[in-house]
Amino acid sequence: MTYELEELEGHEHLVSRVKHHDGLECDACDRLNVDGYSCSECKFNIHVACTFVFDKQEIVDHPSHDGHSLKLLTTGAPDHTDPKCHLCGNNTKRLLFHCSVCQLNLDIFCIADHLLGPEYLNMPWHPHPLLCFDFGSRNWCDFCNENYEGQGYLCYRCGLRIHEKCVVELQEITQHPSHVRHPLKLLTSGAPNYTNPRCHICGEDTGNLLYHCDICKFNLDLQCAIKSSPPVALSNMKVHEHTLTLMPKLISFVCDACGTKGDRSPYICVQCDFMTFHQKCARLPRVIHVNHHDHRVSFKYPLGPGDWRCGVCWDEIDWSYGAYSCSLCSRYAIHSLCATRDDVWDGEELDGVPEEIEDIEPFKRNDDNTIDHFSHRHNHMSLDKGGEESSFCKACAHPIGSSSSLYKCSECSFILHETCANLPMKKRHFLSPQPLTLSYHRLQRRWGVEICEACQQIFCKGFIYSSYLEENFDLPCSSITVPFIHGSHDHHLLYLKLENGNVKTCQGCGIDEKRVAIGCTKCNYFLDFRCATLPLTVTLSSWRC
């Protein structure tokens with residue numbers, strides 16, 4: 001949690017640098033997540049911004065206590081004194097100023113105006129003075145959310161931090177496109193308690209800095225107010241033929257594009273009986289490729305009557321709303337939000353882009369019984385029927401079996417299952433939003449240990465599928481289809497990408513999986529890819545990788 005010791009000007013002991021993620025509380029201002037210093041000798045923590053208190057260890061001329069000096073204490077108010085500040089009446093913190101003659105205590109906030117002297121800024125939009133302060137590159141500006149580089153301003157009372165260059169941009173807005181009826185006031189101490197604290201346009205946390213209309217109880221974060229305000233009208237959208245208009249208010253609705261609920265600022269179509277769209281859904285693409293299906297899918301509103309199941313999450317689709325469907329596969333459809341997930345869609349809009357049909361076979365067929373396969377240097381591998389029980393397929397590394405059809409090289413021991421020899425050179429798979437390409441791992445020049453991205457096991461010398469982002473998957477993992485039927489569970493299993501600390505315990509091996517899994521969420525049953533790809537039966541004497 002702590003780092004190497006260093007000197008803190010004005011303090012007698014060496015201190016350790018601590019970061020905001022260490023979860024410490026500042027003993028000067030009581031705010032959490034200290035990004036500053038910790039003293040093991042005095043047992044206190046302090047923000048970088050609050051270290052100005054060390055500039056004066058003793059004050060002899062404070063106007064509230066004339067005649068006696070006030071000394072800085074870092075261990076709290078003495079036991080025999082009233083711990084409350086005698087000016088504001090609040091409880092003092094670990095750091096305070098104390099008069100040993102009168103046994104009186106002053107907190108840092110009440111003494112700070114005197115400490116700052118003339119080097120502070122009074123702004124009409126902030127109730128407290130702002131201290132001119134050199135933050136270096138250790139703190140973030142509350143306005144632009146970027147690291148400080150040099151001079152900035154600090155409010156020692158509420159912790160507001162702002163670049164010097166950003167101060168000029170903070171001003172009240174007389175009229176904003178998202179709220180034209182009334183001017184918006186700049187607030188620097190968070191949204192009022194009587195309002196929804198999140199931005200009424202985008203739903204993000206407004207933080208300390210926001211714009212507010214007290215008549216309409218309307219809040220706007222800085223992103224929507226200044227940096228990238230959503231347009232009040234959208235035209236030429238892919239999902240709707242009419243112009244859509246922003247309704248900037250808190251309102252419950254069901255999005256016609258995706259069929260899910262919203263609670264604020266939708267885009268509406270007045271011409272179509274006030275059809276409503278999430279802001280994100282108003283910009284949905286029309287034609288895309290998804291990794292759960294071989295063909296392109298297109299947005300359709302409404303999807304149309306029928307018993308529809310989503311090809312990604314396998315839940316029911318309400319056909320009265322929009323969804324993506326395949327024109328070649330009459331019963332295939334996907335929820336709008338499932339189809340456009342980052343792990344499903346590659347991000348490319350294909351509307352107006354000609355479809356390229358690329359069907360590269362993995363071999364050249366010479367006649368009915370012989371082929372030239374891309375993975376082998378010798379020509380004319382011949383088709384045979386079984387009889388190679390002690391041999392292993394060079395693609396999947398599994399035993400050939402006595403009844404398997406196989407291709408065998410006449411010049412060496414290279415053998416492939418007939419099904420492995422026919423694996424497509426390119427395909428789409430749920431493990432990657434990018435298309436995958438087949439290759440023979442032994443022929444690739446690689447450095448270090450290579451592992452499958454799904455099962456995290458070292459590659460056998462067999463076929464692998466790879467994306468152009470250098471994601472590599474072994475043949476067993478890239479052969480799984482969803483919904484996946486496994487003999488260990490009564491229900492179908494779906495692919496789960498685990499994020500944000502979500503951990504699933506594999507029912508097969510008991511190991512926690514943090515990346516990807518196959519599972520049934522209704523039964524809380526999960527398998528990692530190592531266990532999901534194990535063969536149902538093996539012959540111990542002949543099994544190998």
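For the sequence shown, UniProt numbering assigns the number 1 to the initial residue and increments by one for each residue that follows.
Positions of the beta carbon are idealized from the N, C-alpha and C atoms, including for glycine.
On a predicted model such as this, the values are computed, not experimentally measured, just so you know.
Once DSSP output is grouped into helix, strand and coil, what is the label at residue i?
| i | result |
| --- | --- |
| L337 | helix |
| R530 | helix |
| Q456 | coil |
| L50 | Note on identity: in this sequence residue 50 is Cys, with Leu being the wrong assignment. Helix, per DSSP. |
| R445 | With a pLDDT of only 45 at R445, under the threshold of 50, the placement of this residue in the model should not be trusted; the figure read from the coordinates follows. Coil at R445, not helix or strand. |
| F109 | helix |
| R283 | helix |
| E471 | coil |
| C224 | helix |
| V167 | helix |
| D512 | strand |
| P354 | coil |
| T2 | At T2, the pLDDT of 44 sits below 50, so the modelled position is not reliable; the number obtained from the coordinates is stated separately. Reduced to three states, the DSSP call for T2 is coil. |
| I288 | strand |
| E316 | strand |
| Y525 | strand |
| N45 | strand |
| G152 | strand |
| F143 | coil |
| G519 | strand |
| R377 | coil |
| T505 | strand |
Quick check on the burial criterion: 16 or more other C-beta atoms within 10 angstroms. Buried or exposed for residue i?
| i | result |
| --- | --- |
| A233 | exposed |
| H486 | buried |
| D528 | buried |
| Y194 | exposed |
| H11 | buried |
| L160 | buried |
| C269 | buried |
| H176 | buried |
| R181 | exposed |
| L8 | buried |
| S252 | exposed |
| S403 | exposed |
| N291 | buried |
| L337 | buried |
| P535 | exposed |
The alpha helix (DSSP H) spanning residue i covers which residue range?
| i | result |
| --- | --- |
| A421 | E418 to A421 |
| K478 | Position check: residue 478 holds Ser in this sequence, whereas Lys was assumed. Where S478 is concerned, the enclosing alpha helix (DSSP H) stretches over L475 to S478. |
Could you check where the beta strand (DSSP E) with residue i kicks off and where it finishes?
| i | result |
| --- | --- |
| P435 | S432 to Y440 |
| R161 | R161 to H163 |
| D372 | T370 to H373 |
| Y321 | That residue, Y321, is in no beta strand (DSSP E); it is neither H nor E in DSSP. |
| F299 | V297 to K300 |
| E268 | Contrary to the premise, residue 268 reads as Ile rather than Glu in this sequence. Start and end: Y267 to C269. |
| K93 | That residue, K93, is in no beta strand (DSSP E); it is neither H nor E in DSSP. |
| residue 626 | The shown model of the chain, from 1 to 545, leaves out residue 626, and the question about it has no answer. |
| H128 | Premise fails: H128 is in no beta strand (DSSP E) and is neither H nor E. |
| F463 | F463 to S466 |
| Y332 | Looking at the DSSP string, Y332 is not in any beta strand (DSSP E), and its letter there is neither H nor E. |
| R428 | K426 to H429 |
| S69 | S69 -> no beta strand (DSSP E), and no H or E assigned at all. |
| L186 | K185 to L187 |
| C409 | S405 to C409 |
| R365 | F363 to R365 |
| K497 | L494 to K497 |
| V15 | L14 to V18 |
### Message
Tell me whether the segment 200-217 and the segment 234-244 touch, counting them as touching only if at least three CB pairs, one residue from each stretch, are closer than 8 angstroms.
### Response
no
### Query
Within the chosen definition, does the segment 325-340 reach the segment 292-301 through at least 3 CB pairs nearer than 8 angstroms?
yes
### Message
Does the structure place the segment 299-313 close enough to the segment 359-368 that three or more beta carbon pairs sit under 8 angstroms?
### Response
no
### Query
Are there three or more Cβ pairs, one per stretch, closer than 8 angstroms when the segment 275-284 is compared with the segment 408-418?
no
### Query
Are the segment 341-351 and the segment 397-406 touching, with three or more C-beta to C-beta distances below 8 angstroms?
no
### Message
Quick test of the definition: if touching needs 3 or more C-beta pairs under 8 angstroms, does the segment 456-463 touch the segment 330-341?
### Response
no
### Message
Contact between the segment 124-133 and the segment 95-102 is defined here as three or more beta-carbon pairs at a separation below 8 angstroms; is this criterion met?
### Response
no
### Message
Using a Cβ distance threshold of 8 angstroms, determine whether the segment 53-62 contacts the segment 77-87, with at least three qualifying pairs required.
### Response
no
### Task
Examine the Cβ distances between the segment 494-512 and the segment 461-474 and report whether three or more of them are shorter than 8 angstroms.
no
### Task
Run through the segment 194-274 for me and flag every whole beta strand (DSSP E) of 3 or more residues, listed as ranges in chain order.
210-213, 218-220, 244-246 and 267-269
### Query
Does the segment 182-192 come within contact of the segment 211-227, defined as at least 3 CB pairs closer than 8 angstroms?
yes
### Task
Take every Cβ of the segment 38-51, pair it with every Cβ of the segment 61-70, and state whether three or more of those distances are shorter than 8 angstroms.
no
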